[in-house]
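Visitor: Please find one structure pasted underneath; my questions will follow.
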Amino acid sequence: MKCTECGHEASPDKFRYLYNARIDASVSMRQCPNCMEVLAVDELKREALKKVGLGDAPWGKSAGIEGLAEDAVQTT
Amino acid sequence: MAEPALNEKIQEFEGKQQWWWAAEVKRSKRLDYLRKAVWRKGSTGGAPISPIKLDLEPALRRIELYKQFKQEPLPLRMAKIHSAMWGSDLIYIVDQSQIVGSKTPSPSTEEWYGSGGIGNAAVYNYPEILPEPLEESLKVVHDVGQFWDQEGEAMEKLISGGDPEDMAKYQSGAIAWGSLIGGYSGKNYEYFMTGKRAFEDIIEEIEENIAKAEEKTQGVSGPDILPLYNKILNWEAMKLSLEAGIRWARRYARLARIIAENFETDPKRKEELLRVSETCERVPAKPPRNLQESLQYDHFIQVLARKEQVEGAWPARPDYYHGPYYNKDVNIEKNITKEEALDLIGEFLIRAYDMPVVLAMGKWVREGLQGIAGTWVWTLGGVKQDGSDACNDMTIALMQAARLVRTPNPTFAFRWHPKVKDEVMREIFECIRHGLGYPAMRNDPILIANAMHWHRHPIEEARTWVHQACMSPCPTTKHGTQPYRMASATANCAKIIEYALWNGYDQVVNMQMGPKTGDAREFTEFEQLFQAWVKQMEWLFSLLTRTVNYARYVQSDVVPRPFLSGISQRAVDSGLDIMRPDGERGNAWITAFTWVENPDSLTAIKKVVFDDKKYTMAQLMDALEANWDGYEEMRLDFVNAPKWGNDDDYADDMMLRCLRESARFSRELKDPSGNSWPILPENVSGNIHYSSIVRSLPNGRRQGDALYDGGISPGPGLDKKGPTAVLKSCGKIDHIVDGRAFLLNQRLSPTQLQGEKGYQLWRAYMKTWADLGLDHVQFNMVSDETLRAAQKDPEKYSEVIVRVAGYSAHFVDISRKTQDNIIQRTIQGIG
Chain B
3 MKCTECGHEA SPDKFRYLYN ARIDASVSMR QCPNCMEVLA VDELKREALK
53 KVGLGDAPWG KSAGIEGLAE DAVQTT
Chain C
2 MAEPALNEKI QEFEGKQQWW WAAEVKRSKR LDYLRKAVWR KGSTGGAPIS
52 PIKLDLEPAL RRIELYKQFK QEPLPLRMAK IHSAMWGSDL IYIVDQSQIV
102 GSKTPSPSTE EWYGSGGIGN AAVYNYPEIL PEPLEESLKV VHDVGQFWDQ
152 EGEAMEKLIS GGDPEDMAKY QSGAIAWGSL IGGYSGKNYE YFMTGKRAFE
202 DIIEEIEENI AKAEEKTQGV SGPDILPLYN KILNWEAMKL SLEAGIRWAR
252 RYARLARIIA ENFETDPKRK EELLRVSETC ERVPAKPPRN LQESLQYDHF
302 IQVLARKEQV EGAWPARPDY YHGPYYNKDV NIEKNITKEE ALDLIGEFLI
352 RAYDMPVVLA MGKWVREGLQ GIAGTWVWTL GGVKQDGSDA CNDMTIALMQ
402 AARLVRTPNP TFAFRWHPKV KDEVMREIFE CIRHGLGYPA MRNDPILIAN
452 AMHWHRHPIE EARTWVHQAC MSPCPTTKHG TQPYRMASAT ANCAKIIEYA
502 LWNGYDQVVN MQMGPKTGDA REFTEFEQLF QAWVKQMEWL FSLLTRTVNY
552 ARYVQSDVVP RPFLSGISQR AVDSGLDIMR PDGERGNAWI TAFTWVENPD
602 SLTAIKKVVF DDKKYTMAQL MDALEANWDG YEEMRLDFVN APKWGNDDDY
652 ADDMMLRCLR ESARFSRELK DPSGNSWPIL PENVSGNIHY SSIVRSLPNG
702 RRQGDALYDG GISPGPGLDK KGPTAVLKSC GKIDHIVDGR AFLLNQRLSP
752 TQLQGEKGYQ LWRAYMKTWA DLGLDHVQFN MVSDETLRAA QKDPEKYSEV
802 IVRVAGYSAH FVDISRKTQD NIIQRTIQGI G
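Structure representation (structure tokens):
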């Protein structure tokens with residue numbers, strides 16, 4: 003897996019697992035061991051998607067009537 | 002600002018649902034000042050919220066007094082130490098305040114009394130809370146710790162007397178939450194808060210009891226007089242404590258008078274200070290005569306009880322006990338206006354908000370009670386002992402004041418019953434709509450029946466109930482009050498399913514914790530797994546309740562409470578320390594953290610492994626061993642299995658089965674009064690604290706993920722069939738006999754629930770809730786946009802409040818993981 007910020011490449015398990023706030027989505031947050039940035043990771047594709055900053059929502063918005071229940075990555 | 006301009010500002014803020022800015026404009030200058038003068042208490046899961054420092058001097062003074070009174074019998078020693086400390090503790094009066102009294106030596110410090118053994122771990126781990134210079138402070142902490150290590154600290158005495166294996170497992174941090182000393186106090190309000198008596202009256206009763214006892218101990222000898230010697234000591238200790246409390250309050254009277262007569266130049270403020278002085282001269286010595294005295298009386302008692310010992314909760318029923326004084330002052334004699342009453346009540350809330358607990362306490366508190374000092378859940382509404390509606394003008398005034406001052410603590414829980422007036426329901430809805438996260442709604446008829454079922458309280462006593470902590474009802478009567486309930490009967494229930502899978506072994510703490518119930522890889526039928534689960538459940542609940550029973554049994558020999566005894570009728574009548582369970586009906590419950598993971602995991606295994614046969618148990622165990630890493634497709638299969646909260650009998654039946662096994666076993670477990678130990682699923686922020694302590698589970702979570710937010714709430718985002726389905730699932734539980742109470746978090750849309758239409762939608766929802774017989778529900782009503790914006794720019798959103806679990810907190814005062822967990826809770830459309 004390659005970090006989207008610094009380009010560091012390693013197997014996904016080397017990127018420290020932080021958490022997934024929506025267990026029904028395949029997106030989690032992991033930390034790059036090189037630049038220490040927090041990344042959104044597609045656990046199905048084993049691919050880093052983007053950096054997660056304050057207020058960013060790798061899981062998309064809440065399900066329910068607020069209208070946007072899309073996850074950052076569609077699950078099969 | 003001129004009034005039209007003010008109204009315009011308020012409308013602008015309310016239109017944008019920025020309730021916190023609207024409140025700042027609406028409240029009086031006094032309330033605004035007092036609200037902003039508070040240094041926020043609690044921690045964000047690690048660091049303290051405000052740069053508050055510990056004051057180490059009380060710890061040194063306590064040691065000197067301990068040496069001075071060492072030869073005294075224990076109850077008298079405690080009373081004399083407190084008496085001396087309360088006589089010399091620093092006191093202060095906040096400018097513009099009308100209600101005084103603080104546990105802390107100053108607004109920006111908290112007192113530290115010191116400990117031995119591991120009790121000081123938090124102070125070493127968080128040196129930022131120590132005053133400068135750091136080296137000197139660390140030396141004081143070290144010397145204090147050494148002293149208590151040699152003397153034998155109360156906690157060490159307790160632990161060393163208990164069963165060694167129980168204590169080791171309890172202290173592991175894996176299965177239990179809480180301390181063996183410290184917890185949630187009940188209060189015998191029917192004894193001291195009805196206006197019939199105050200401290201001087203109780204002292205008279207005590208003196209009479211001592212005189213009668215001494216007549217016997219100075220008379221003819223016999224075995225019947227032997228218990229009286231200790232009782233006399235206890236009574237003397239109670240009397241000393243109450244007298245010390247009166248003297249402490251009168252120090253505030255003197256201070257207020259000194260300021261008024263020598264320093265204050267504003268005539269109006271001078272008059273207020275003299276009234277404060279008169280109030281403090283009167284209470285708590287004598288019964289209150291008006292609203293200010295009533296609130297001051299209550300506040301003094303709360304502070305004194307907490308100066309005696311840490312109390313992690315705040316059972317109270319402020320509308321019931323202060324309502325008559327409100328009615329007298331505002332409606333009948335018209336001594337004060339409604340606005341003046343609101344100022345007093347708003348300040349009463351602020352004083353409670355200012356009460357500290359957490360700073361020097363360990364990780365389990367910092368992470369488990371993020372954003373607050375303790376769970377101050379005040380009970381409103383309900384019925385009187387004769388069954389009639391207890392709501393009054395004070396009920397409404399408290400909610401109006403709460404919307405003005407917007408303190409996350411105290412939080413309210415409203416005892417709903419079918420005769421609550423629409424006017425009161427509208428006030429409740431306004432609080433929820435303003436994003437306070439409270440009042441939580443409690444189903445009064447259900448909970449009264451529940452209290453009678455589990456703890457045999459007569460109906461009139463059950464009707465007096467208040468929240469002893471976040472959720473559990475407790476009467477306020479002589480035999481019904483539980484004066485103390487250790488937090489330690491709090492179970493990390495996710496470990497039950499974990500141990501059922503791993504043969505009782507905990508790989509996080511590397512110990513054989515639970516019994517060996519078999520290698521799950523070799524299970525060929527679901528029933529084998531379920532029976533393993535039952536055995537682990539029975540083991541866990543037995544260990545925790547044994548520990549708490551033991552601690553309660555020996556508490557009065559190790560750390561008696563003469564002050565709390567002095568305001569408890571059972572203790573005053575009997576001469577026994579109130580911690581003794583003699584004469585108490587008991588109010589025990591097991592707080593079941595991380596409960597829903599159990600039925601959801603069991604359901605997933607039953608469906609995917611044993612019904613659909615998509616994977617074997619061995620394959621599942623391999624995936625769990627790997628923390629689901631590299632097993633994402635398989636993990637999603639387990640996630641997509643039926644889940645609790647969707648009105649699906651396949652999943653809901655598993656919940657009922659787990660609850661009813663626990664209820665069955667609860668009846669075998671007995672507390673020191675001989676009553677049962679029912680479970681009560683709820684979490685505070687324990688779902689975050691345990692996120693790294695619980696391994697991956699078959700519901701699809703990985704180690705590190707937050708556990709569900711608690712009680713019987715479905716997992717975040719896993720309730721996919723709408724709010725009625727959630728209620729229907731929860732309605733399948735029998736909220737009287739299946740457990741003590743059941744917490745349900747729901748999130749509502751601030752957009753949808755605007756205006757009168759929104760109120761009617763909410764009323765319809767509450768009718769369904771009541772008809773289905775649920776006992777609890779509480780609401781978050783704040784949008785994702787606001788919460789995400791608060792994460793990006795916390796300073797601009799510092800006043801946004803969210804309902805975390807059994808309590809509310811400022812959103813910016815909780816950890817990022819907790820914030821994300823709350824945001825992912827499903828917003829239910831109820832239209």
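Heads up: the protein sequence lines correspond to chains B and C, in order. In this text, residue positions in the first sequence follow the working numbering: the first is 3, and each later residue adds one. In this text, residue positions in the second sequence follow the working numbering: the first is 2, and each later residue adds one. Glycine is no exception: its CB is placed at the ideal position from the N, C-alpha and C atoms.
#1: Helix, strand or coil for glutamine 779 of chain C per DSSP?
#2: Where do the N-terminal and C-terminal ends of the alpha helix (DSSP H) with glycine 146 of chain C fall, by residue?
#3: May I ask you to list, following chain order, the residues of the region 24-57 of chain B that have a beta carbon less than 7 Å from some beta carbon of chain C?
#4: Residues in the same chain with beta-carbon distance under 6 Å from glycine 646 of chain C, minus the five sequence neighbours each way, listed in chain order, please.
#5: Using Cβ-Cβ distances below 7 Å, what residues of the region 324-344 of chain C are close to chain B?
#6: Kindly list, in the order they appear in chain B, the residues whose Cβ is closer than 8 Å to that of alanine 707 of chain C.
#7: Quick check: what's the CA-CA separation for glutamate 206 of chain C versus phenylalanine 193 of chain C?
#8: Would you list, in chain order, the members of the region 527-560 of chain C that have their beta-carbon closer than 7 Å to a beta-carbon of chain B?
#9: What's the call for aspartate 267 of chain C, buried or exposed, on a 16-neighbour Cβ count within 10 Å?
#10: Can you have a look at glutamate 368 of chain C and say buried or exposed, based on whether 16 or more other CB atoms are within 10 angstroms of its CB?
#11: At a cut-off of 7 Å, would you count glutamine 747 of chain C as near the ligand SAM, judging by its Cβ distance to the nearest heavy atom?
#12: If you follow the beta strand (DSSP E) that leucine 381 of chain C is part of, which residue opens it and which one closes it?
#13: Under 8 Å, with one C-beta from each stretch per pair, do the region 353-364 of chain C and the region 324-343 of chain C reach the 3-pair mark?
#14: Roughly how many angstroms separate the alpha carbons of glutamine 529 of chain C and lysine 607 of chain C, rounded to a whole number?
#15: Helix, strand or coil, according to DSSP, for valine 549 of chain C in the structure here?
#16: Can tyrosine 808 of chain C and cysteine 471 of chain C be called in contact, C-beta distance under 8 Å?
#17: Can you round the beta-carbon distance between glycine 388 of chain C and valine 358 of chain C to whole angstroms, since I take them to be within the 8 Å contact cut?
#18: Taking 8 Å as the threshold (beta carbon to beta carbon), is proline 717 of chain C in contact with chain B?
#19: What is the DSSP secondary structure of arginine 586 of chain C, reduced to helix, strand or coil?
#20: I'd like to know if the region 328-346 of chain C and the region 291-303 of chain C are in contact, where contact means that at least 3 CB-CB pairs between them fall below 8 Å.
#21: Can you tell which of C:Pro795, C:Gln829 and C:Ala806 has its C-alpha closest to the C-alpha of arginine 921 of chain C?
#22: Does any residue of chain B have a CB that is nearer than 8 Å to the CB of serine 692 of chain C?
#23: Assign alanine 169 of chain C to buried or exposed, taking buried as 16 or more other Cβ atoms, counted over all protein chains shown, within 10 Å of its Cβ.
#24: Going straight from the alpha carbon of glycine 723 of chain C to that of lysine 671 of chain C, what length do you get?
#25: Would you list the one or two residues that DSSP bridges to leucine 41 of chain B?
#26: Mind checking which residues open and close the beta strand (DSSP E) that includes methionine 442 of chain C?
#27: Please list the terminal residues of the continuous alpha helix (DSSP H) segment that includes alanine 627 of chain C.
#28: Along the chain, where does the beta strand (DSSP E) containing phenylalanine 415 of chain C start, and where does it finish?
#29: Here's the rule: buried if 16 or more other CB atoms are within 10 angstroms of the residue's CB, otherwise exposed. What is arginine 665 of chain C?
#30: 8 Å is my cut-off, CB to CB: does glutamate 72 of chain B come that close to chain C?
#31: Name the chain B residues that come within less than 8 Å of glycine 701 of chain C, Cβ to Cβ?
#32: Between alanine 492 of chain C and isoleucine 591 of chain C, which are expected to be in contact by the criterion C-beta below 8 Å, what is the C-beta distance as a whole number of angstroms?
#33: Within 10 Å of its beta-carbon, does serine 64 of chain B have 16 or more other beta-carbons around it, so buried, or fewer, so exposed?
#34: Compare the C-alpha of phenylalanine 349 of chain C against each of C:Pro316, C:Glu634 and C:Asp299 and name the closest.
#35: Exposed or buried, which one is glutamate 72 of chain B when buried takes at least 16 other CB atoms within 10 Å?
#36: Would a C-beta distance cut-off of 8 Å place valine 778 of chain C and leucine 745 of chain C closer than the cut-off?
Guide: Checking against the coordinates, here is how it stands:
#1: Counting from one through the second sequence, the residue named residue 779 of chain C turns up at place 778. Looking at glutamine 779 of chain C - three-state DSSP - the assignment turns out to be strand.
#2: Mapped onto the second sequence, residue 146 of chain C falls at position 145. Element bounds for glycine 146 of chain C: 135-152.
#3: Arg24, Ile25, Asp26, Ser28, Glu45, Leu46, Leu56 and Gly57
#4: Numbered from its first residue, the second sequence carries residue 646 of chain C at position 645. Closer than 6 Å at the Cβ level, and outside the excluded window around glycine 646 of chain C, lie Pro715, Asp720, Val727 and Ser730.
#5: none
#6: Within the second sequence, numbered from 1, the residue matching residue 707 of chain C stands at position 706. By Cβ distance, chain B contributes Tyr21 and Ala23.
#7: In the second sequence, the residue the question calls residue 206 of chain C occupies position 205. In the second sequence, the residue the question calls residue 193 of chain C occupies position 192. Distance between the alpha carbons of glutamate 206 of chain C and phenylalanine 193 of chain C is about 13 Å.
#8: none
#9: Taking the first residue of the second sequence as position 1, residue 267 of chain C is located at position 266. Aspartate 267 of chain C should be labelled exposed.
#10: Taking the first residue of the second sequence as 1, we reach residue 368 of chain C at position 367. Classification for glutamate 368 of chain C: buried.
#11: Because no ligand of any kind appears in the structure shown, any question about the ligand SAM cannot be addressed here.
#12: Walking along the second sequence from the start, residue 381 of chain C turns up at place 380. Here the beta strand (DSSP E) through leucine 381 of chain C covers 378-382.
#13: no
#14: In the second sequence, residue 529 of chain C corresponds to position 528, counting from 1. In the second sequence, residue 607 of chain C corresponds to position 606, counting from 1. Approximately 11 Å, taken between the alpha carbons.
#15: Taking the first residue of the second sequence as 1, we reach residue 549 of chain C at position 548. Valine 549 of chain C: helix per DSSP, three-state reduction.
#16: Indexing the second sequence from 1 puts residue 808 of chain C at position 807. Indexing the second sequence from 1 puts residue 471 of chain C at position 470. Result yes, Cβ atoms of tyrosine 808 of chain C and cysteine 471 of chain C sit closer than 8 Å.
#17: Numbered from its first residue, the second sequence carries residue 388 of chain C at position 387. Numbered from its first residue, the second sequence carries residue 358 of chain C at position 357. Incorrect: roughly 36 Å between the Cβ atoms, too far for contact.
#18: Walking along the second sequence from the start, residue 717 of chain C turns up at place 716. So, interface residue.
#19: Your numbering for residue 586 of chain C matches position 585 in the second sequence. It is coil, neither helix nor strand.
#20: yes
#21: What is shown of chain C runs 2 to 832, which leaves residue 921 of chain C out entirely.
#22: By 1-based counting over the second sequence, the position of residue 692 of chain C is 691. Taking Cβ atoms only, chain B reaches closer than 8 Å to serine 692 of chain C, which makes this a yes.
#23: Walking along the second sequence from the start, residue 169 of chain C turns up at place 168. Flag for alanine 169 of chain C reads exposed.
#24: As a first step, residue 723 of chain C is located in the second sequence; it is residue number 722 there, counting from the start. As a first step, residue 671 of chain C is located in the second sequence; it is residue number 670 there, counting from the start. Rounded to the nearest angstrom, the two C-alpha atoms are 39 Å apart.
#25: The residue labelled residue 41 of chain B in the question sits at position 39 within the first sequence. Per DSSP, B:Arg32 and B:Lys53.
#26: Position 441 of the second sequence holds residue 442 of chain C. Its beta strand (DSSP E) spans residues 441-444.
#27: Indexing the second sequence from 1 puts residue 627 of chain C at position 626. Segment: none, alanine 627 of chain C is in no alpha helix (DSSP H) and carries neither H nor E.
#28: Your numbering for residue 415 of chain C matches position 414 in the second sequence. Its beta strand (DSSP E) spans residues 412-417.
#29: Reading the second sequence from its first residue, position 664 is the one you call residue 665 of chain C. So arginine 665 of chain C counts as exposed.
#30: The residue labelled residue 72 of chain B in the question sits at position 70 within the first sequence. Confidence in glutamate 72 of chain B is poor, its pLDDT being 41 and thus under 50, which makes the residue's placement unreliable; the coordinate value appears in the next sentence. Not an interface residue.
#31: In the second sequence, residue 701 of chain C corresponds to position 700, counting from 1. Those within 8 Å of glycine 701 of chain C in chain B are Ile25 and Asp26.
#32: Within the second sequence, numbered from 1, the residue matching residue 492 of chain C stands at position 491. Within the second sequence, numbered from 1, the residue matching residue 591 of chain C stands at position 590. That pair is a contact at about 6 Å.
#33: In the first sequence, the residue the question calls residue 64 of chain B occupies position 62. Here the model assigns serine 64 of chain B a pLDDT of 45, short of 50, so the residue's position is not dependable and the matter cannot be decided.
#34: As a first step, residue 349 of chain C is located in the second sequence; it is residue number 348 there, counting from the start. With distances taken between Cα atoms, phenylalanine 349 of chain C lies closest to C:Asp299.
#35: Your numbering for residue 72 of chain B matches position 70 in the first sequence. For glutamate 72 of chain B, the predicted structure reports a pLDDT of 41, less than 50, and the residue's modelled location is therefore unreliable. The matter cannot be settled from this model.
#36: Translated into the one-based positions of the second sequence, residue 778 of chain C becomes position 777. Translated into the one-based positions of the second sequence, residue 745 of chain C becomes position 744. Yes, the pair counts as a contact, with Cβ atoms nearer than the cut-off.
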